[in-house]
Amino acid sequence: NAGVTQTPKFQVLKTGQSMTLQCAQDMNHNSMYWYRQDPGMGLRLIYYSASEGTTDKGEVPNGYNVSRLNKREFSLRLESAAPSQTSVYFCASSVRGKETEAFFGQGTRLTVV
Amino acid sequence: LAKTTQPISMDSYEGQEVNITCSHNNIATNDYITWYQQFPSQGPRFIIQGYKTKVTNEVASLFIPADRKSSTLSLPRVSLSDTAVYYCLVGDYNDYKLSFGAGTTVTVRA
Numbered sequence: 231n232a233g234v235t236q237t238p239k240f241q242v243l244k245t246g247q248s249m250t251l252q253c254a255q256d257m258n259h260n261s262m263y264w265y266r267q268d269p270g271m272g273l274r275l276i277y278y279s280a281s282e283g284t285t286d287k288g289e290v291p292n293g294y295n296v297s298r299l300n301k302r303e304f305s306l307r308l309e310s311a312a313p314s315q316t317s318v319y320f321c322a323s324s325v326r327g328k329e330t331e332a333f334f335g336q337g338t339r340l341t342v343v
Numbered sequence: 678l679a680k681t682t683q684p685i686s687m688d689s690y691e692g693q694e695v696n697i698t699c700s701h702n703n704i705a706t707n708d709y710i711t712w713y714q715q716f717p718s719q720g721p722r723f724i725i726q727g728y729k730t731k732v733t734n735e736v737a738s739l740f741i742p743a744d745r746k747s748s749t750l751s752l753p754r755v756s757l758s759d760t761a762v763y764y765c766l767v768g769d770y771n772d773y774k775l776s777f778g779a780g781t782t783v784t785v786r787a
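The listed protein sequences derive, respectively, from chains A and B.
At position 28 of the first sequence (counting the first as 1) the number is 258 in this note's numbering, and the numbers step up by one without a gap.
At position 91 of the second sequence (counting the first as 1) the number is 768 in this note's numbering, and the numbers step up by one without a gap.
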């Protein structure tokens with residue numbers, strides 16, 4: 231049982247390049263989330279998808295887009311990467327809202343130069 | 678959405694009990710209280726969840742007073758490997774904004 235799988239694990243981009251972070255879960259969860267974590271800080275919610283077919287903005291959505299491709303997959307796209315987007319990105323999933331346990335992936339460490 | 682407040686950091690020594698209190702004065706009737714643990718370079722991991730009174734599992738205990746305006750995570754007999762950031766979250770089944778604040782950094786020393 232893989233849980234939540236993120237790809238890639240590491241990525242270096244040049245300013246202005248685009249890329250998509252992939253996330254897949256095999257637990258049949260309805261809800262999925264994307265976070266970023268900067269050094270010494272807590273996780274900040276970028277976007278979430280309460281259920282298949284819906285997406286909503288979190289705390290820091292600017293510069294990002296998401297796609298809930300199906301129930302399993304939730305991708306995060308950076309259209310034009312900026313150095314301020316250098317961070318560790320975590321994907322998570324849960325059955326429902328906050329009253330259920332959320333499971334996290336291992337993270338993607340992104341550096342924008 | 679219920680706002681939570683917890684200490685920024687706590688220090689302890691191996692073998693001691695660590696208690697982290699989280700304040701959530703505007704907790705709603707349907708809200709649950711959930712704690713997560715995060716080690717460096719890893720995603721957060723669920724520790725424990727409760728609604729009222731006391732919950733215990735193999736890792737920790739969660740104490741919730743009758744008014745539910747605060748909760749205390751208790752880590753018994755900590756070891757060096759318990760050094761981590763601990764997050765308190767409050768919310769219900771309609772609350773999808775799973776937001777993590779700065780958390781409490783617990784440092785366990787030998």
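For glycine and all other residues, C-beta sits at the position ideal for the given N, C-alpha and C.
query: Separation of S324(A) from T330(A), as counted between CA atoms; result: 6 Å
query: 9 Å Cβ cutoff, R266(A) in contact with chain B; result: no
query: D759(B) versus R326(A) - alpha carbon distance; result: 28 Å
query: Through-space distance from Q247(A) to K680(B), alpha-carbon basis; result: 37 Å
query: Contact check, V732(B) vs V755(B), beta carbons under 9 Å; result: no
query: CB contact check: V736(B) to chain A, cutoff 9 Å; result: no
query: Reduced DSSP category for Q315(A) - H, G, I as helix; E, B as strand; rest coil; result: helix
query: Validate contact between the stretch 245-264 of chain A and the stretch 738-750 of chain B using beta carbons, cut 8 Å, 3 pairs; result: no
query: P753(B) versus Y690(B): straight-line alpha-carbon distance, rounded; result: 11 Å
query: 9 Å Cβ cutoff, M257(A) in contact with chain E; result: In summary, chain E is missing from the structure at hand, where the protein chains are A and B.
query: Whether L739(B) touches K328(A) by CB criterion (9 Å); result: no
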